[in-house]
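Asks:
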Amino acid sequence: MIGNLFTEAVLVGILASGIRLATPYLYAAIGETFSQRSGVLNLGVEGQMLIGAFAAFFVSFTTGSLWLGLLAAIISGLLMGLAMAFVSINLQAEQGISGIGFYLFGLGLSDLLFQKMLGTVETVSGFRPIYIPYLSDIPIIGDIFFNQNILVYGAYLLVVAAWFVLNKTTIGLKIKAVGESPEAADSLGVSVARVRYFTVILGGGLSGLAGASLSIALLNVFQQNMTSGLGFIAVALVYFGGWRPFAVMGGALLFSMVNSLQLWVQVLNIPIPSDFAVMMPYVLTIIALVITVQRVRPPSALTKPFERGH
Amino acid sequence: MKHLGKILILLTVAVMLLAGCGGGEEEVAAPEVFRVAVVMPSAINDLAFSQSMYDALSAIQAERGADKFEFVYSESMFVVDDAAAAIRDYASQGYNLIIAHGSQYGSSLQEIAPEFPETSFAWGTTVDTFGLDNVFAYEARAEEGGYVMGVMAAMLSESGIVGVVGPIETGDAKLYVDGFTAGVTATKGEAQVNANWIGSFSDVALASEAAQTHIGAGADILTGTAQMVVGAIGVAEENGVLWFGTQSSQTSLAPSIVVANQVYRWEVVLKEMISLIEGQTYGGQSFLITLENGGLEVEFNSAYALPDEVKTAAQAAIDGIVDGSIDPLP
Chain A
1 MIGNLFTEAV LVGILASGIR LATPYLYAAI GETFSQRSGV LNLGVEGQML IGAFAAFFVS
61 FTTGSLWLGL LAAIISGLLM GLAMAFVSIN LQAEQGISGI GFYLFGLGLS DLLFQKMLGT
121 VETVSGFRPI YIPYLSDIPI IGDIFFNQNI LVYGAYLLVV AAWFVLNKTT IGLKIKAVGE
181 SPEAADSLGV SVARVRYFTV ILGGGLSGLA GASLSIALLN VFQQNMTSGL GFIAVALVYF
241 GGWRPFAVMG GALLFSMVNS LQLWVQVLNI PIPSDFAVMM PYVLTIIALV ITVQRVRPPS
301 ALTKPFERGH
Chain B
1001 MKHLGKILIL LTVAVMLLAG CGGGEEEVAA PEVFRVAVVM PSAINDLAFS QSMYDALSAI
1061 QAERGADKFE FVYSESMFVV DDAAAAIRDY ASQGYNLIIA HGSQYGSSLQ EIAPEFPETS
1121 FAWGTTVDTF GLDNVFAYEA RAEEGGYVMG VMAAMLSESG IVGVVGPIET GDAKLYVDGF
1181 TAGVTATKGE AQVNANWIGS FSDVALASEA AQTHIGAGAD ILTGTAQMVV GAIGVAEENG
1241 VLWFGTQSSQ TSLAPSIVVA NQVYRWEVVL KEMISLIEGQ TYGGQSFLIT LENGGLEVEF
1301 NSAYALPDEV KTAAQAAIDG IVDGSIDPLP
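Protein chains in written order, with our numbering: chain A, 1 to 310; chain B, 1001 to 1330.
Printed below as a string of structure tokens:
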């Protein structure tokens, strides 16, 4: 029975679905990487995703334009990020607590808007897989990598972009400086508040996109609480990846691949109890987390509000 | 002086009120209003479990009239503690019947119900009334409709592979899937049913990926239960794979591929409970919705052209289950 897993169709299925499943994690976790690198822990990711998912769905549903929906998701995420930035930078709130507050706000508001403005579960025709000449035709590889929708490609390009910004640009240097030693950055004339506003708002916008990738690209429905804890896993993946974009992507892919593997394990009737199969991605992630977390150190100023002269 | 003015106004108002009450002779006793409160784990429009209860209460209200039957609800109560607080609040507000629509609310109900002996409580899906005489229990024999769907699925499948997307292997989800599997194998022995339990009632993304997996494994018919299946229905529609729904009608989501739905009609058992409560019996009994009592209904999607012989076989399965000649859980 186990042998059934190693056929071409199954392996292609596992990889292609792992790549799809990783998409929302990537947007949310890369956004979170920026904000944590600058020293702000944003636990409201899940709430931002829900608002983004609703905004994208509602606007696409009413206007018929997926691009307007995408824009609405980004804008609503940016606004949620702005609010989070104000609370954690200007008001210097305890970030763990205020983040949970933003999560609950997003959960409640998206549900309320869903009930009042849609009233029932509807569907939209979301972003379709894009055919790329030549690449999509490559056997196996084409099916796995080049038969996906635009938001899937965007997520992986984002990882490269995030790596570039953090490691090769001045703004990346400023972000890391602010997250490691805000006092030193401040004394060199870098505005800690401005950098953190930038990263937290950016993180919000990307979380909004993560929501949109669910509601108008992968699932094409909106349902209350449809993210179902995904935003919190994204935060865990940032720790898992040691605040480095490519490692975060590795974590997201590992988690998603194991998740799609367990779906196949059940479908192929391999005699493992379903409860155990469902646990697999979480157990593996925890094990990997325990191994990796000892090697990397979080940004020194993570969760610490900055005040001049302290 | 100011105070005096206020007192005068108050006195005047009081006199006017008393005068208003004076004409008591022509006032008839207010019609007895039956008040129901329900606590549900998901939204009233989830096209699944919670919606089935909301639709049932709406049906009863339409029948008895809004002035004689009122109901209020708390939806999306996935935190059991919040649900318990809501149940207690409703009980202290004197509702006639409080429904805890979810087996996860059982232990809260067991604790709260004895404090309000004059209030009737109901919970499901279960048969356990905790031996309390103010608790009713209700359950759906989901395997009955599941069997009928399975018969149709086996006849419609060309690949002989059928996929199931389920939440957690328990309760009416398990009954439905077991009945469905029995229906498929009884009709086409060599057909294969692949079940996938995703471990969640809300993870729409994983439900959708489970459907992709089934299609990748060759399934050309899908079914599933609980509110996260909306993700799977979308995938089925995209791939032109047929879908069988349960709990509520899911036809509106994908009219071209939904063949039939097993719809829960809780009003059948709710009406029995209400008449018992009106006769001062507040609980102690458990109820089932079945194909026989009309609490379960196999609703065909008129927009889908179901071949006559499949429909005939489905009707034969329904009749067989009702008269007892078919056991949906062999």
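Ideal Cβ placement from N, Cα and C applies to all residues, glycine included. Values in this document were obtained by computation on a predicted structure and should not be read as measured data.
1. Please confirm whether Ile-1198/B and Val-278/A have their CB atoms less than 8 Å apart.
2. Which value, in whole angstroms, describes the spacing of the CA atoms of Ile-272/A and Ile-1168/B?
3. Apart from the five residues just before and just after Ile-1098/B, which ones in its own chain have a Cβ nearer than 7 Å to its Cβ?
4. Run down chain B in chain order and give the residues with a C-beta less than 7 Å from the C-beta of Ile-96/A.
5. So, helix, strand or coil for Trp-264/A, using DSSP?
6. For Asn-147/A, return the contacting residues in chain B, with the cut-off set at a CB-CB distance below 9 Å.
7. If I follow the unbroken alpha helix (DSSP H) through Val-1193/B, where does it start and stop?
8. Looking at Gly-1150/B and Leu-1222/B, is the spacing between their C-beta atoms short of 8 Å?
9. So, Met-84/A versus Gly-204/A, is the Cβ gap smaller than 8 Å?
10. Keeping to the same chain, check which residues put their C-beta closer than 6 Å to that of Leu-261/A; ignore five residues upstream and five downstream.
11. Using DSSP bridges, identify the partner residues of Glu-1299/B.
12. When the cut-off is 8 Å and only beta carbons count, does Gly-1231/B lie next to chain A?
13. Assign Glu-1238/B to one of two classes, buried (16 or more other C-beta atoms within 10 Å of its C-beta) or exposed (fewer than that).
14. Should Trp-1123/B be labelled buried (16 or more other beta-carbon atoms within 10 Å of its own) or exposed?
15. Please state whether DSSP places Gly-1171/B in a helix, a strand or coil.
16. Of all the CB atoms in chain A, is at least one closer than 8 Å to the CB of His-1101/B?
17. Counting only Cβ pairs nearer than 7 Å, list the residues of chain A close to Asp-1203/B.
18. Less than 8 Å between the beta carbons of Ile-171/A and Val-178/A, yes or no?
19. Looking at the ligand FMN, does it come within less than 7 Å of Tyr-103/A, judged from the CB to the closest heavy atom?
20. Taking the alpha-carbon of Phe-1244/B as reference, which of Val-1033/B, Gly-1224/B, Val-1235/B and Pro-1255/B has the nearest alpha-carbon?
21. Using a Cβ-Cβ cut-off of 8 Å (strictly less than) and excluding sequence neighbours within five positions of Ser-1042/B, which residues of its own chain qualify?
22. Within the continuous alpha helix (DSSP H) that includes Arg-1088/B, where are the two ends?
23. Exposed or buried, what is Gln-1093/B when buried is set at 16 or more other beta-carbons lying within 10 Å of its beta-carbon?
24. Taking a Cβ distance cut-off of 9 Å, strictly less, list which residues of the stretch 266-293 of chain A are near chain B, in chain order.
25. Determine the direct distance from the alpha carbon of Leu-41/A to that of Val-160/A, and round the result to whole angstroms.
26. When you compare the stretch 63-82 of chain A with the stretch 237-253 of chain A, are there three or more beta-carbon pairs, one atom per stretch, that lie closer than 8 Å?
27. Under a CB-based cut-off of 8 Å, is Val-221/A close to chain B?
28. Mind pulling the chain A residues with CB within less than 8 Å of Leu-1047/B?
29. Can you tell me which of the three DSSP states Phe-1071/B falls into?
30. Mapping the DSSP letters down to three states, classify Cys-1021/B as helix, strand or coil.
31. Between Ala-155/A and chain B, is there a C-beta pair that is closer than 8 Å?
32. Going along the chain, which residues of its own chain have a beta-carbon closer than 8 Å to the beta-carbon of Ala-1317/B, five neighbours each way excluded?
33. Phe-1287/B by DSSP, collapsed to three states: which one?
34. Please check the pair Gly-1231/B and Leu-135/A, which I expect to be a contact at CB under 8 Å, by giving their CB distance rounded to whole angstroms.
35. From the DSSP output, in three-state form, read off Ala-1029/B for me.
36. Suppose contacts are defined by Cβ-Cβ distances below 8 Å. Is Ala-1205/B in contact with Leu-68/A by that definition?
Replies: A quick look at the data gives this:
1. yes
2. 15 Å
3. Ala-1037, Ile-1087, Tyr-1090, Ala-1091, Thr-1119 and Phe-1121
4. A small correction: the amino acid at residue 96/A is Gly; Ile does not occupy that position in the sequence shown. Those within 7 Å of Gly-96/A in chain B number zero; the least Cβ separation is about 19 Å.
5. helix
6. Going along chain B, no residue has its Cβ under 9 Å from Asn-147/A, so there is no contact; the nearest lies around 12 Å.
7. Careful: Val-1193/B lies outside any alpha helix (DSSP H), inside the beta strand (DSSP E) at 1192-1197.
8. no
9. yes
10. Residues of the same chain with a CB within less than 6 Å of the CB of Leu-261/A, apart from the 5 flanking positions on each side, are Ile-14 in chain order.
11. Asn-1261/B
12. With 8 Å as the cut-off, Gly-1231/B counts as an interface residue toward chain A.
13. buried
14. buried
15. DSSP, reduced to helix, strand and coil, places Gly-1171/B within a helical segment of the structure shown.
16. no
17. Ser-228
18. no
19. Although the ligand FMN was asked about, the structure shown includes no ligands whatsoever.
20. Gly-1224/B
21. Listed in chain order, the non-local C-beta contacts of Ser-1042/B below 8 Å within the same chain comprise Ala-1048, Phe-1049, Ser-1050, Glu-1075, Ser-1076, Phe-1078, Phe-1201, Ser-1202 and Gln-1227, local neighbours out to five positions each way being set aside.
22. Under the DSSP assignment, Arg-1088/B falls in the alpha helix (DSSP H) whose first and last residues are 1080-1092.
23. exposed
24. Gln-266, Val-267, Leu-268, Asn-269, Pro-273, Ser-274, Asp-275, Ala-277, Val-278 and Met-279
25. 22 Å
26. no
27. yes
28. Thr-120 and Val-121
29. strand
30. Only weak support exists for where Cys-1021/B lies, its pLDDT of 45 falling under 50; the value from the coordinates is given anyway. In this structure, Cys-1021/B counts as helix in the three-state DSSP scheme.
31. Residue contact with chain B for Ala-155/A: absent (no Cβ-Cβ distance below 8 Å to any residue of chain B).
32. Tyr-1147, Val-1148, Val-1151, Gly-1183 and Ile-1326
33. strand
34. Actually they do not touch by this definition, with Cβ atoms about 28 Å apart.
35. A caution first: Ala-1029/B carries a pLDDT of 47, below 50, which makes its placement in the model unreliable, though a value can still be read off. Coil.
36. no
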